[in-house]
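Trainee:
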Amino acid sequence: MIKKDNTDGTHTFHFKTDKPYSNHLTSFAAGEYTDVIQNYDGITLHNYCYPDELEATKASVERLPDMVKFFSGITGAKYPHSEYSQVFVQDLPWGNAGSTISIQTENMIDDFGTHADFFYLWDGLQGESLAQQWFGNYLSCSDWNHIWLTKAFGRYFSGLYNEYKNGREEFLLYQHSFDQSTYHSDRSSGIIQPVVNNNNETAFEFAGGNYPYFHGASVLQMLRKELGEENWSKSIKLYISSNAGKNVTTKDFVNAVEEASGESMNWFFDQWVYKTGHPVFKITKKYDSEKKILTLYVKQIQKTEAIDLNTVTDFFRGKVEIEIDGNIRQVMIEAKAENIFTFDSQKEPKLVNFDFESTWIKEITFEKTFEELLYQLRNDKDILGRLSAMTELVKIAKNEKTSQKDKLKTYEALRKIITGDSYWRLRFNAVWQLQSLLAPSTQVNPASLDKETIEMLLKIIKNDSSWVKTNAIRFLGMTCDPEYSDIYINAFNDKSDRVVNAAAIALGKSKSPEAFDALVKLKDKPSWKNQSLISSLNGLKELNDPRGFEVAYNALSDLNLSRWMLSTPVWDFRIAAAETIVSLGKGNEAFPMIFERFKNSLNDNDLNVIFNNVLLITTLSDPRGTEVFEILKVQFKDDENTMTAVYQYESQFKEAISRN
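Each step along the sequence shown adds one to the number in numbering that gives the first Met the number 0, with nothing skipped, and position 68 is 67.
1. Along the chain, where does the beta strand (DSSP E) that runs through K3 open and close?
2. Is it true that the CB of V60 sits closer than 8 Å to the CB of V35?
3. Quick check on the DSSP output: the beta strand (DSSP E) that includes E320 runs from which residue to which?
4. Given a threshold of 16 other Cβ atoms within 10 Å of its Cβ, counted over all protein chains shown, does D40 qualify as buried or as exposed?
5. Hey, N106 and M564 are a contact pair by Cβ (cut 8 Å); roughly how many whole angstroms apart?
6. Below 6 Å CB to CB, which residues in the same chain sit around K150 once its five sequence neighbours on both sides are set aside?
7. Give me, in chain order, the residues of the same chain whose beta-carbon lies closer than 6 Å to that of F572; leave out the 5 immediate sequence neighbours on both sides.
8. In this structure, how does DSSP classify E289 when only helix, strand and coil are distinguished?
9. Where does Y47 sit, in a helix, a strand or coil, going by DSSP?
10. What number of angstroms, rounded off, separates the C-alpha of W271 from the C-alpha of G215?
11. For H277, name the three-state secondary structure that DSSP assigns.
12. How far does the alpha helix (DSSP H) with T618 in it extend, from its first residue to its last?
13. Skipping 5 residues on each side, what residues in its chain have a beta carbon closer than 6 Å to that of F87?
14. If you draw a straight line from the C-alpha of V430 to the C-alpha of V467, how long is it?
15. Can you list the alpha helix (DSSP H) stretches of 4 or more residues lying completely in the stretch 69-132, in chain order?
16. Per DSSP, what are the beta-bridge partners of N139 in this structure?
17. Over the uninterrupted alpha helix (DSSP H) stretch that includes E451, give me the two end residues.
18. Can you give me the start and stop residues for the alpha helix (DSSP H) that Q220 sits inside?
19. Can you tell me whether N352 is helix, strand or coil according to DSSP?
20. Classify N38 as helix, strand or coil using the three-state DSSP reduction.
21. Helix, strand or coil: how does DSSP classify F358 here?
22. Provide the residue span of the beta strand (DSSP E) that contains D343, from first to last.
23. How many whole angstroms separate the CB atoms of T618 and V581, which I take to be in contact at a CB cut-off of 8 Å?
24. So what does M331 bridge to, in DSSP terms?
25. Give every residue of the same chain whose Cβ lies closer than 6 Å to the Cβ of L226, excluding the five residues on either side of it in the sequence, and list them in chain order.
26. Is the beta carbon of F365 closer than 8 Å to that of D405?
27. Return helix, strand or coil for Q403, following the three-state DSSP convention.
28. When the Cα atoms are used, what is the spatial distance from N196 to F203?
29. Helix, strand or coil for F635 per DSSP?
30. For L583, count neighbouring C-beta atoms within 10 Å of its own C-beta (all shown protein chains included) and say buried if the count is 16 or more, exposed if not.
31. Specify, as a first and last residue, the run of the alpha helix (DSSP H) that F268 falls within.
32. Helix, strand or coil for F14? Go by DSSP, reduced to three states.
33. Confirm, please, whether the CB-CB distance from L518 to G507 is below 8 Å.
34. Taking the C-alpha atoms as reference points, what is the distance between K291 and K318?
35. Mark E639 as exposed unless 16 or more other C-beta atoms lie within 10 angstroms of its C-beta, in which case mark it buried.
36. For N326, list the residues DSSP reports as bridge partners.
What follows is the structure, encoded as C-alpha cells:
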C-alpha cells in the first residue's frame with residue numbers, strides 16, 4: 000500500500016496485490032488505528048485497533064499466530080501471502096473475511112480476564128475468518144451456489160482449531176451441537192434447503208443463510224468420520240494443492256476426496272449436499288442370553304411417500320459408530336427401510352449408544368430404561384451420549400408419575416456430575432438441569448433447597464471458577480436467602496465478571512440490608528466496558544429498592560462510558576439501566592430523555608444509534624413511544640429492510656405495553 004499526502008490535507012492510498020483474487024473479497028476500513036503487530040514464519044500479522052484498546056487487543060488476538068500455524072499444517076499449504084490483517088470496527092455485529100484482511104466486530108476486544116471466559120466464541124470468529132483465507136481466498140467458489148466451500152469450511156476448520164486447542168469435548172458440546180441444532184431449528188421453521196443451491200435467481204440470498212454455513216459444517220464432520228482421519232487429511236491437502244489460486248465448485252472437492260480416498264463418494268454428496276432431508280431412526284435392541292448375541296434393529300421411518308427423489312433423499316446410507324459397553328464398533332447403514340446388526344456379547348450390555356458422538360444429522364428414538372440412562376450418564380465415553388442421558392433423566396424426573404425414589408436418584412446423579420471431574424460444559428449443564436428440577440426460573444416463591452444441594456453449591460462456589468461457579472451462584476440465589484449475602488459480596492472480588500454478575504443478581508434477590516450499599520459500590524469497580532456497572536444495575540433491578548432509580552437514571556444518561564454494541568442487558572449498561580428503571584415503575588420518567596435522544600439521532604441518520612434508542616424506548620414501554628414508530632414509518636417508508644426492523648420493534652413495543 001502506498002500513501003500519498005495531498006496539498007488539500009487529504010490522503011490518497013494505492014493498493015496492489017502480488018496475487019490475483021476474486022473481486023467480491025475486496026474490503027477496506029479507514030480510521031485512526033493503532034497496529035498490534037505479530038509474526039509467524041515470516042508472515043506479518045496486523046491487528047488494527049482503537050488506540051484506547053491497545054492492551055485489550057493484545058489479549059484478544061494472542062492465539063492468532065498459533066492459528067496460522069495450525070491452518071498451514073492441516074491444509075498442507077503455508078498461508079499464501081506475506082501479510083494478514085484484522086481491523087476491529089464498532090457497530091459491526093460479527094465479522095467478514097476479505098482478501099488478506101478480515102474486518103471484525105470490535106465487540107470481540109476484551110481484556111485478559113473477559114477474553115479468558117470467551118475464548119471459545121472470539122477464537123471461533125478469528126479462526127473462521129482466517130480459515131477462509133485458504134478456503135475462500137486461496138481457493139474461491141465459482142459462484143454463490145457453492146458458497147459452502149467458503150462458509151462451511153471456514154466454520155468447520157475454525158471448529159477443528161477449537162478441538163485442537165481446547166479438546167474434542169469442547170468441539171462436540173459447543174460447535175458441533177450448535178450446528179446440528181441450528182439445522183433442526185431451521186427445519187422446524189419450514190426453512191429447508193440443500194447445502195449447494197441450484198437456483199441462480201436465489202443464489203445470493205441463499206449464500207447468507209444457515210444451510211451453506213452451519214449445516215455444511217455438520218456435513219464436513221460426517222465426511223471426516225466416513226473417510227477416517229487419514230483419508231480426510233489426504234483429501235483436504237489434495238483439494239488445496241490441486242486447486243490453489245483457482246475458482247472451484249463442489250465437483251472439484253468431490254474429485255479430490257475420491258482421488259485421495261480411492262472411493263466413489265458421489266452417493267455421500269448426493270444425499271447430504273445436493274439433496275435435502277435427514278434420517279429418522281427408530282432403534283430397538285434384543286439380547287439372546289443363550290446365544291450371547293446382541294441384535295440391533297435400525298429402522299429409517301422418515302416419510303418417503305410423495306417426495307421428489309431428485310431433491311430429497313429417501314433412505315440414507317453411510318458408516319455409523321455404535322458404542323457397546325465402552326467398545327466402539329463401526330457398521331455400514333444401507334439405504335433401506337431396516338438394517339439389522341448382530342454383535343457377540345458374553346453378557347447383556349449395560350450401555351448401547353447408537354451413533355457415537357452424534358455424528359449423523361438425524362432424529363432418533365431409542366427407548367431406554369431409567370437404570371440404563373443412569374448408567375449411560377455415569378459411564379458413557381461419549382460426552383454427547385452423557386448429555387443426552389442427562390436430558391432424558393430430567394424429563395423423567397419432571398413427570399408427575401415418576402416415583403420419588405427415582406427422582407432422588409436423578410438428583411444424586413446430577414450432583415455427582417457437578418462435583419466430579421467431567422468437562423466443564425457438562426458440569427455447567429448439570430447445574431442448570433438440577434436447578435430446573437429444584438428451583439425453576441419460573442418459580443415465583445423463594446426456592447427451598449435440601450441440605451445436600453446447598454452443601455454442593457457452597458462447595459462449587461468455594462472451589463470452582465468461571466462458568467460452573469457462575470451457575471452455582473445463580474442456583475443458590477434462587478433461595479432469596481440473605482444468609483448467603485456475604486458469599487455474594489465476596490464474589491464481587493472474583494476475577495471473572497461472569498461470577499460477579501451472578502453474585503450481584505443473587506444479592507439483589509436476597510433483599511439483604513447490605514445489598515443496596517454493596518451494589519452501589521460495585522458500579523465503581525474497574526472493569527472492561529463497565530461490566531461492574533452492568534452487574535450493579537442487574538442486582539438493583541432484583542433488589543427493587545427505590546433508591547436504585549438515581550443510579551439507573553444516571554447510567555442511562557451517560558453517553559460517554561464504554562460499552563459493547565450488543566443489544567442485551569447482560570452486555571449494554573444502558574439497556575440494563577432501562578430495565579432497572581422499569582422494574583421500579585418509573586419508565587415514564589426516563590422516556591422524555593430517550594425520546595429527545597431519538598429525535599436527535601434521526602438528524603444524524605445513524606441507523607445503529609436510531610435503533611439503539613428504539614430498543615430503549617421499547618424497553619421503557621411508555622405508551623408515548625407509539626409516536627416513535629409513526630415517525631419511523633414516514634422516515635423510512637422507501638427502505639424495505641429498515642421497515643422490516645421498524646415493524647419488528649413495533650411488535651415488541653406493543654407486547655411490552657400489553658404486559659404493563
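Ideal Cβ placement from N, Cα and C applies to all residues, glycine included.
Mentor: From the atom records:
1. Sequence index remark: in the sequence shown, residue 3 carries index 4 (1-based). Element bounds for K3: I1 to D4.
2. The residue you call residue 35 lines up with position 36 of the sequence shown. The residue you call residue 60 lines up with position 61 of the sequence shown. Taking the C-beta atoms as reference points, V60 is found nearer than 8 Å to V35.
3. Residue mapping note: residue 320 aligns to position 321 of the sequence shown, counting from 1. Run containing E320: G317 to I323, per the beta strand (DSSP E) assignment.
4. Locating residue 40 in the sequence shown gives position 41, counting from the first residue. The residue is exposed, with fewer than 16 neighbouring Cβ atoms inside 10 Å.
5. Here the question's residue 106 lines up with position 107 in the sequence shown. Here the question's residue 564 lines up with position 565 in the sequence shown. Between N106 and M564 the beta-carbon gap is near 6 Å, inside 8 Å, which marks them as a contact.
6. For this step, residue 150 is matched to residue 151 along the sequence shown. Excluding sequence neighbours, K150 sits near P211 and Y212.
7. Working through the sequence shown from its first residue, we reach residue 572 at position 573. So the qualifying residues of the chain are N529, L532, I533, A554 and R562.
8. One-based indexing of the sequence shown puts residue 289 at position 290. In the structure shown, E289 sits in coil (DSSP, three-state: anything other than H, G, I, E or B).
9. On the sequence shown, position 48 is the one that residue 47 refers to. Three-state DSSP puts Y47 in a strand.
10. Looking up residue 271 in the sequence shown gives position 272. Looking up residue 215 in the sequence shown gives position 216. For W271 and G215, the gap between their C-alpha atoms comes out near 9 Å.
11. Position 278 of the sequence shown, counted from the start, is the residue given in the question as residue 277. Of the three classes helix, strand and coil, the one that applies to H277 here is coil, per DSSP.
12. The residue you call residue 618 lines up with position 619 of the sequence shown. T618 -> alpha helix (DSSP H) spans L606 to L619.
13. Walking along the sequence shown from the start, residue 87 turns up at place 88. C48, Q103, E105 and I108, listed in sequence order.
14. One-based indexing of the sequence shown puts residue 430 at position 431. One-based indexing of the sequence shown puts residue 467 at position 468. Taking the straight line from one Cα to the other gives about 8 Å.
15. Listed in chain order, they are 111-116 and 118-131.
16. Locating residue 139 in the sequence shown gives position 140, where the first residue counts as 1. Correcting the residue type first, residue 139 is Ser in the shown sequence and not Asn. In the DSSP output, where bridge partners are listed per residue, S139 has N246.
17. Residue 451 sits at position 452 when you count from the first residue of the sequence shown. Under the DSSP assignment, E451 falls in the alpha helix (DSSP H) whose first and last residues are K450 to N462.
18. Translated into the one-based positions of the sequence shown, residue 220 becomes position 221. Run containing Q220: G215 to L226, per the alpha helix (DSSP H) assignment.
19. Stepping through the sequence shown from its first residue, residue 352 is reached at position 353. In this structure, N352 counts as strand in the three-state DSSP scheme.
20. The residue labelled residue 38 in the question sits at position 39 within the sequence shown. Here N38 sits in strand by DSSP.
21. Indexing the sequence shown from 1 puts residue 358 at position 359. Contrary to the premise, residue 358 reads as Thr rather than Phe in this sequence. Under the three-state reduction of DSSP, T358 is assigned to coil, being neither helix nor strand.
22. Reading the sequence shown from its first residue, position 344 is the one you call residue 343. From DSSP, the beta strand (DSSP E) with D343 extends over E337 to D343.
23. Indexing the sequence shown from 1 puts residue 618 at position 619. Indexing the sequence shown from 1 puts residue 581 at position 582. The pair is a contact, with the Cβ atoms about 7 Å apart (cut-off 8 Å).
24. For the purposes of this step, residue 331 is identified with residue 332 of the sequence shown, where counting begins at 1. Answer by DSSP bridge pairing, in chain order: K318.
25. Along the sequence shown, one-based indexing puts residue 226 at 227. Within the same chain, and ignoring the five residues on either side of L226 in sequence, the residues whose Cβ sits closer than 6 Å to its Cβ are S260.
26. Position 406 of the sequence shown, counted from the start, is the residue given in the question as residue 405. Position 366 of the sequence shown, counted from the start, is the residue given in the question as residue 365. Not a contact, by the Cβ cut-off of 8 Å.
27. By one-based count along the sequence shown, residue 403 stands at place 404. Assigned with DSSP and collapsed to three states, Q403 falls in helix.
28. Locating residue 196 in the sequence shown gives position 197, counting from the first residue. Locating residue 203 in the sequence shown gives position 204, counting from the first residue. Each residue's alpha carbon lies about 10 Å from the other.
29. Numbered from its first residue, the sequence shown carries residue 635 at position 636. F635: coil per DSSP, three-state reduction.
30. Your numbering for residue 583 matches position 584 in the sequence shown. L583 comes out buried.
31. For the purposes of this step, residue 268 is taken as the residue at position 269 of the sequence shown. First-last of the alpha helix (DSSP H) with F268: N265 to F268.
32. What you label residue 14 is simply residue 15 of the sequence shown in a count that begins at 1. In the structure shown, F14 sits in coil (DSSP, three-state: anything other than H, G, I, E or B).
33. In the sequence shown, counting from the first residue as 1, residue 507 sits at position 508. In the sequence shown, counting from the first residue as 1, residue 518 sits at position 519. Cβ distance < 8 Å, so G507 and L518 count as in contact.
34. Taking the first residue of the sequence shown as position 1, residue 291 is located at position 292. Taking the first residue of the sequence shown as position 1, residue 318 is located at position 319. Whole-angstrom Cα-Cα distance: 25 Å.
35. Against the sequence shown, residue 639 aligns to sequence position 640. E639 should be labelled exposed.
36. Residue mapping note: residue 326 aligns to position 327 of the sequence shown, counting from 1. According to DSSP, N326 bridges with I323.
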